[in-house]
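Comments concern the structure below.
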Amino acid sequence: MADATTTRQELRKARRPAVNLHVVGPLVALAVLILVGVLLNPNFLSYGNVTNVLARSAFIGIIAVGMTFVITSGGLDLSVGSMAAFIAGLMILVMNALVPTLGAGWPVILIGMAAALFFGFLAGLGNGLLITRARIEAFIVTLGSMGIFRSLITWLADGGTLSLNFQVRDVYRPVYYDGILGVSWPIIVFLVVAIAGEIVMRHTAFGRHCAAIGSNEQVARYSAVHVERVRLATYVILGMLVGLATIMYVPRLGSASSATGVLWELEAIAAVIIGGTVLKGGFGRAWGTVVGVLILNLIQNILNLTDLVSPYLNGAIQGVIIVLAVVLQRQKKAL
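As structure tokens, this is what we get:
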């Protein structure tokens, strides 16, 4: 028996790849994309293009870091794009309503920012409570809330667009367009969120509990992990990060409509899976999600710069990437 066990262990070791593709794969894909971009367009690595890609990556990236915790714990959230649109609309309404009283200055903007975080907290809490207390499948809950949020923003805008007061917009614009040493605030906030997410995921009990719940919920319960509390916290964190992403997004256009945030949930989930987080839960990493976000935005950027494929097919390409990433995950498990 001992010899047979030893033989099986040796076979498993022999079948394991010398290089961890789970870690190296996304980095290799990112390097290849950068090389392809440089070969196709000499301006690909220009300061303007790089900062543009990073700034556009920030919105999805901030949300995707929160999605990493949700998926790692075995959950899913399909409502983040609609949630962002709804929060943006509420944020604009709050700021516009305060202008006659407080004027078009920073007090109004700071209250609007606090409102966005609060509404994100409530939205995430609502999703989390339905999943953990009412014990409804995350797919059903977030699919329903996706439709609710999208309908509510359409109703608030009366089928059109909610626009921020022009004077407030002028004061608010630097939050998107300015920064430190040529690095815009959305990029800086994305970097801070990513670093914090990686630290929490790798070096705190909360991160380990998320992985334990996603790996085996029953075993996690036996190990004295508060499953419902941790899972609820992941949705609350995601909701607040959606609010933070909205704070960075609103000064870019100064408006919100039913078209705001369309397909953001697809991009966030795709970034998480491409980065190596297991779709069924049990393993996740924030830095991998950052790489996944960059991969998706570089693909879109290359399509826009080269006209190789219509940019309207970007959603289809992302869908294909999600399917391929899940297939690769299953193949790695088989090894």
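Residue numbers for the sequence shown follow numbering that gives the first Met the number 0, so the first one is 0 and each next one is one higher. Where is the CB? At the ideal position from N, CA and C, for every residue including glycine. In this text the structure is predicted, and so the values were computed from the model without any measurement.
Handout entry: Of the listed residues G119, I186 and V290, nearest to A57 (C-alpha basis)
Key = I186
Handout entry: Backbone secondary structure at T259 - three-state DSSP
Key = coil
Problem - Which listed residue (A156, W184, A133 and S78) has its alpha carbon closest to that of T50 - result: W184
Exercise for the section: With L231 as the anchor, note down where its alpha helix (DSSP H) starts and where it stops. Expected result: V226 to L252
Practice task
Could you name the residues of the same chain whose beta carbon sits closer than 8 Å to that of F120, not counting the 5 residues immediately before and after it, in chain order?
Solution key: V235, G238, M239 and G242
Exercise for the section: Tell me the start and end of each unbroken beta strand (DSSP E) in the segment 141–185 that is at least 3 residues and wholly inside, in chain order. Expected result: 160–162
Exercise for the section: For V218, I'd like the list of residues in its chain whose CB is within less than 8 Å of its CB, leaving aside the five on either flank, ordered along the chain. Expected result: A211
Exercise for the section: Give me the Cα-Cα distance between I268 and V170, rounded to the nearest whole angstrom. Expected result: Going from the Cα of I268 to the Cα of V170 covers about 33 Å.
Exercise for the section: Would you kindly check if the distance between the Cβ of A84 and the Cβ of R172 is under 9 Å? Expected result: no
Problem - Where I86 sits in the DSSP three-state scheme - result: helix
Problem - Span separating the alpha-carbon of V27 from that of A103 - result: 48 Å
Problem - Classification of W105 by the beta-carbon crowding that lies within 10 angstroms, buried from 16 upward - result: W105 sits exposed, since fewer than 16 C-beta atoms from the chains shown fall within 10 Å of its C-beta.
Exercise for the section: Consult DSSP for A267 and reduce its assignment to one of helix, strand or coil. Expected result: A267: helix per DSSP, three-state reduction.
Exercise for the section: Give every residue of the same chain whose Cβ lies closer than 6 Å to the Cβ of Y46, excluding the five residues on either side of it in the sequence, and list them in chain order. Expected result: Counting only Cβ-Cβ distances below 6 Å, and skipping sequence neighbours, we find nothing.
Practice task
Would you decide whether S256 is buried or exposed? Buried here means 16 or more other CB atoms lie within 10 Å of its CB.
Solution key: By the neighbour-count rule (16 or more Cβ atoms within 10 Å), S256 is buried.
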